[in-house]
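Some notes on the structure that comes next.
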Amino acid sequence: QKEVEQNSGPLSVPEGAIASLNCTYSDRGSQSFFWYRQYSGKSPELIMFIYSNGDKEDGRFTAQLNKASQYVSLLIRDSQPSDSATYLCAVNMEGDNDMRFGAGTRLTVKP
Amino acid sequence: ETGVTQSPTHLIKTRGQQVTLRCSSQSGHNTVSWYQQALGQGPQFIFQYYREEENGRGNFPPRFSGLQFPNYSSELNVNALELDDSALYLCASSLDRTYEQFFGPGTRLTVL
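Residue numbers (this note's numbering), protein chains in the order written: chain S, 1 to 111; chain C, 1 to 112.
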């Protein structure tokens with residue numbers, strides 16, 4: 001079983017819609033959760049991080065964490081074509097220096 | 001504020017050769033982590049350096065080694081290159097080992 005799993009996609013949404021990206025993780029000791037955006041041929045860019053159960057909002061982005069169900073999600077409201085990229089979920093356990101990434105979900109926002 | 005930089009941008013090597021990749025951390029950051037990203041995969045943690053000491057290592061063989069300098073820049077060395085080492089190598093810097101880390105542009109290594 002992979003430690004961090006994401007649907008590889010592609011996920012396609014129309015411009016202006018809400019894009020919902022999901023990630024599950026296997027290790028219950030995981031403490032910190034991160035979402036990165038990676039444009040083709042570029043390096044990952046940190047979008048958001050979340051440590052506590054519940055929702056965390058930053059502009060058009062909302063991260064949701066449910067530790068009991070071991071999933072974390074990212075919602076992108078009012079999706080724009082410029083949001084088209086691969087979104088990487090990353091998980092870290094307290095005291096562990098190993099940041100574990102999922103393989104990413106490719107999002108396409110169609111004008 | 002200077003961001004994370006890496007050199008070289010691209011590199012082509014042959015099997016068995018050795019390679020050194022370089023990373024300059026963001027201004028004020030004292031922690032550098034190295035990752036390998038194969039095509040279509042997420043980054044895989046190689047190791048982390050904090051204040052010139054190795055501070056954790058992923059599941060990579062000893063032929064992957066590194067160091068960090070007093071100015072917190074870092075090198076990744078790979079000996080005895082194999083075809084499967086072909087990947088994008090990313091370094092990320094952060095402050096005091098936090099995982100709010102910022103990635104450099106990466107070095108694309110091709111092993112023939």
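C-beta atoms are modelled at their ideal positions from N, C-alpha and C, and glycine is treated no differently.
Listed by chain order, chain S residues near F102(C) by CB distance under 7 Å: L46
Sheet register partners of V91(S) (DSSP bridge): Listed as beta-bridge partners of V91(S) by DSSP are F33(S), R100(S).
When you compare each of T107(C), R108(C), F103(C) to Q26(C) by their alpha carbons, which one comes out closest? F103(C)
Against chain S, with Cβ distances strictly below 8 Å, would N77(C) count as a contact? no
Count the other CB atoms within 10 Å of the CB of I18(S); is the residue buried (16 or more) or exposed (fewer)? exposed
Work out the CA separation of L46(S) and R60(S) for me, nearest whole Å. Rounded to whole angstroms, R60(S) to L46(S) spans 15 Å at the Cα level.
The beta strand (DSSP E) enclosing K110(S), as first and last residue numbers: In the DSSP assignment, K110(S) falls within the beta strand (DSSP E) that extends over 105-110.
To the nearest angstrom, how far is the alpha carbon of N152(C) from that of W34(C)? Within the shown structure, residues of chain C are numbered from 1 to 112, placing residue 152(C) beyond reach of any answer.
Which bits of chain S does F60(C) rub up against, with CB to CB less than 7 Å? Within 7 Å Cβ-Cβ: nothing; F60(C) doesn't reach chain S, min ~11 Å.
Interface residues of chain S facing R22(C) [CB-CB closer than 9 Å]: Near R22(C) there are no residues of chain S at all, since even the closest Cβ is about 15 Å away, more than 9 Å.
Using three-state DSSP, classify L74(S) as helix, strand or coil. Taken through DSSP and simplified to helix, strand or coil, L74(S) comes out as strand.
For chain C, is any of its Cβ atoms less than 8 Å away from the one on D83(S)? no
For S93(C) and Q41(C), what's the separation of their Cα atoms in angstroms? 21 Å
For S7(C), which residues from the same chain have a beta carbon less than 6 Å from its beta carbon, with the 5 sequence-adjacent residues on both sides left out? R22
Excluding the 5 residues flanking S86(C) on each side, which residues of the same chain have their C-beta closer than 7 Å to its C-beta? L109, T110, V111
Quick one: list the residues of chain S neighbouring R51(C), beta-carbon separation under 8 Å, in chain order. Ordered by position in chain S, no residue passes the 8 Å Cβ test against R51(C), which lies about 13 Å from the chain.
L39(C): buried (16+ other C-beta within 10 angstroms of its C-beta) or exposed? exposed
Measuring only the C-alpha atoms, how far is A80(C) from G16(C)? For A80(C) and G16(C), the distance between alpha carbons rounds to 4 Å.
Select from T107(C), G106(C), Q101(C), P61(C) the residue whose C-alpha is nearest the C-alpha of V32(C). Q101(C)
Can you tell me whether DSSP reads P81(S) as helix, strand or coil? helix
Could you tell me whether the stretch 24-35 of chain S touches the stretch 63-79 of chain S, where touching means 3 or more Cβ pairs closer than 8 Å? yes
Can you find a C-beta in chain S that's less than 8 Å from the C-beta of P43(C)? yes
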